[in-house]
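Engineer: Numbering (this note's numbering), first residue to last: 9 to 492.
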Ligand code: ADP
Ligand code: MG
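This is the structure in structure tokens:
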């Protein structure tokens with residue numbers, strides 16, 4: 009599938025760079041000890057620093073710094089041993105200090121990369137420009153009073169990592185894949201919970217279009233998009249809007265826009281000309297942040313295995329296909345569950361049962377893998393019964409469905425319901441004879457050349473045996489008897 013947009017006057021290429029704002033997993037804020045839990049009563053998690061009382065001084069939270077370094081290392085990025093906090097000045101009701109503390113010219117993390125596995129099996133490298141630390145602002149509540157706006161400062165001062173990509177993305181699908189991969193890496197690292205519904209991960213989308221191979225076009229920036237689906241919809245809409253303008257002989261204005269999820273369209277918010285001048289300057293209340301190289305190395309050594317490495321190991325050591333491995337590693341909980349099941353077992357069979365049967369069934373009952381009624385050990389027992397041919401794959405699906413509903417173990421279920429597969433030649437042979445006797449006409453038709461009837465016989469014998477005949481044996485015996 010071509011990534012290019014087909015316009016009236018030829019093809020256009022979409023260019024996208026994303027700025028993701030990831031809320032740091034931390035019990036306390038970036039410069040104060042106030043709590044950060046989601047959904048607390050308004051203004052119950054606000055210290056005098058967050059409310060910008062005169063004379064209060066910010067103190068950097070060491071844990072947040074470590075989280076940013078971890079994330080940088082996870083993105084294979086350069087860690088800057090010296091970085092600087094600046095004041096980004098603007099007025100807004102939810103920003104009591106009149107400035108946001110953010111890193112501007114000297115971020116804590118420099119260039120890195122993120123690898124995307126595309127649907128066609130290709131890998132794409134997306135450059136990371138930088139990651140910097142900053143504080144979140146408060147929140148205006150417009151729905152508490154008909155005439156007044158209330159301000160909730162619980163979020164004010166919460167630590168964010170702004171992760172900026174190079175303009176390397178070339179379609180809405182790639183942008184969606186990038187954001188999902190970034191979220192997966194953040195969750196593996198435990199540095200951001202990636203919960204887009206709660207606003208822990210939000211995204212600004214920079215979009216431009218150009219003729220293939222031409223210079224970069226003028227971009228617009230769509231602010232604060234809060235789901236992967238909306239990111240893709242916003243980019244699609246915006247790219248087509250720009251193509252229409254250019255093909256009409258107009259030019260794109262560099263501006264900030266908002267995405268309206270109800271109409272799936274973007275609308276102007278402000279243009280570059282009346283954009284704020286933030287008058288950045290280094291915050292005099294904070295020293296430059298200096299990191300110890302040996303400490304950075306110790307953080308590097310403590311990193312968990314990340315999705316790319318896990319995928320490579322699942323392929324090379326466990327023999328999974330790259331596709332199956334990709335599906336499993338996207339969520340760490342799925343990968344962990346799979347590994348427990350696969351230990352000492354047929355890994356491909358385990359991969360199928362975890363990512364297709366189990367995840368499919370859990371989706372249907374609205375459960376996650378962490379709350380799965382079937383434990384990895386229980387699923388493992390079911391697979392053992394398939395592998396040692398106690399039951400067929402067909403029967404296994406029925407057993408699985410009952411396990412999911414009742415929480416019963418596979419071994420007990422198979423015994424209790426008499427589901428053991430029949431591997432006794434004589435029993436299968438006599439079932440075949442009985443079917444032949446009842447359908448002598450069909451047997452004659454088959455023997456005179458009507459091959460298609462074969463499936464009919466398989467079905468009848470299986471039915472007669474309650475689905476428990478070993479399929480391989482049944483086929484073998486049936487073929488023998490039919491050709492006699
Ligand atoms: P700002 O800080 O004003 O938002 P940056 O130069 O830091 O501007 O760019 C922000 C984002 O815009 C980055 O993700 C970058 O990749 C992206 N970007 C820059 N130029 C373009 C362009 N012509 N088309 C699409 N995205 C772009
Ligand atoms: Mg920007």
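Glycine included, each C-beta is placed from N, C-alpha and C at the ideal position.
Quantities reported herein were computed from a predicted structural model and do not represent experimental measurements.
1) Once you ignore the five residues that flank residue 150 on each side, which residues in its own chain have a CB closer than 7 Å to its CB?
2) Could you tell me whether any non-hydrogen atom of the ligand ADP is closer than 6 Å to the CB of residue 296?
3) Can you name, in chain order, every residue of its own chain whose Cβ lies under 6 Å from the Cβ of residue 317, other than the five neighbours on each side?
4) My guess is that residue 380 and residue 336 are in contact by the Cβ rule of under 8 Å, so how many angstroms apart are they, rounded?
5) Is residue 9 helix, strand or coil by DSSP?
6) What residue range does the beta strand (DSSP E) around residue 96 cover?
7) Residue 37 to residue 361, Cα distance in whole Å?
8) For residue 119, does the three-state DSSP call read helix, strand or coil?
9) Look up residue 72 in the DSSP assignment and say whether it is helix, strand or coil.
10) Flag residue 497 as yes when its Cβ comes closer than 6 Å to any non-hydrogen atom of the ligand ADP, and as no otherwise.
11) Please state whether DSSP places residue 270 in a helix, a strand or coil.
12) Going by DSSP in three states, residue 241 sits in which element: helix, strand or coil?
13) Does the separation of the CB atoms of residue 349 and residue 358 fall below 7 Å?
14) Between residue 6 and the ligand ADP, is there a pair consisting of the residue's CB and a ligand heavy atom that are separated by less than 6 Å?
15) If I'm right that residue 211 touches residue 239 with Cβ under 8 Å, what's the distance once you round it to whole angstroms?
16) Once DSSP output is grouped into helix, strand and coil, what is the label at residue 355?
17) Along the chain, where does the beta strand (DSSP E) that runs through residue 172 open and close?
18) Quick one: is residue 153 buried, meaning 16 or more other Cβ sit within 10 Å of its Cβ, or exposed?
19) Can you tell me which of 51, 324, 365, 92 puts its alpha carbon nearest to the alpha carbon of residue 407?
20) Would you mind giving the Cβ-Cβ distance between residue 299 and residue 87, rounded to the nearest angstrom? I have them listed as a contact below 8 Å.
21) Using the C-alpha atoms, what's the distance from residue 92 back to residue 118?
22) With a CB to CB cut of under 7 Å and the five nearest residues on each side skipped, what residues in its chain are close to residue 228?
23) Can you give me the C-alpha to C-alpha distance between residue 257 and residue 250, rounded to a whole angstrom?
24) Is it buried or exposed, residue 373, if we count other Cβ atoms within 10 angstroms and call 16 or more buried?
25) Is the Cβ-Cβ distance between residue 76 and residue 141 less than 7 Å?
26) Please go through the same chain and pick out, in chain order, the residues whose beta-carbon is closer than 7 Å to the beta-carbon of residue 422, but skip the five residues on each side of it.
27) Terminal residues of the continuous alpha helix (DSSP H) containing residue 469?
28) I need the boundaries of the beta strand (DSSP E) containing residue 29, first residue and last residue.
29) Taking just the CA atoms, how far does residue 419 sit from residue 439?
30) Count the other CB atoms within 10 Å of the CB of residue 274; is the residue buried (16 or more) or exposed (fewer)?
31) Rounded C-beta distance between residue 218 and residue 225? I'm assuming under 8 Å.
32) Write down every uninterrupted run of the alpha helix (DSSP H) in the region 299-383 whose length is 4 residues or greater and which is fully enclosed by it, in chain order.
33) Quick check on residue 433: buried or exposed, where buried means 16 or more other Cβ atoms within 10 Å of its Cβ?
34) Is residue 146 near residue 133, with beta carbons less than 7 Å apart?
35) What is the residue span of the alpha helix (DSSP H) that residue 414 lies within?
36) Measuring CA to CA, which of 166, 479, 367 is closest to residue 71?
Structural biologist: So, from the data block:
1) 157
2) no
3) none
4) Residue 380 to residue 336, Cβ: 15 Å. No contact.
5) For residue 9, the predicted structure reports a pLDDT of 49, less than 50, and the residue's modelled location is therefore unreliable. A value from the coordinates is still provided. Correct three-state label for residue 9: coil.
6) 94-97
7) 42 Å
8) coil
9) helix
10) Nothing in the structure corresponds to residue 497, since the chain is present only between 9 and 492.
11) coil
12) helix
13) yes
14) Examination of residue 6 is not possible in this model, given that the chain is present from 9 through 492 alone.
15) 6 Å
16) helix
17) 167-173
18) exposed
19) 365
20) 7 Å
21) 13 Å
22) 215, 246, 260, 262, 263, 265
23) 11 Å
24) exposed
25) yes
26) 393, 398, 399, 407, 428
27) 462-472
28) 18-31
29) 26 Å
30) buried
31) 4 Å
32) 301-309, 315-324, 330-337, 340-350, 355-360, 367-373
33) exposed
34) no
35) 401-414
36) 166
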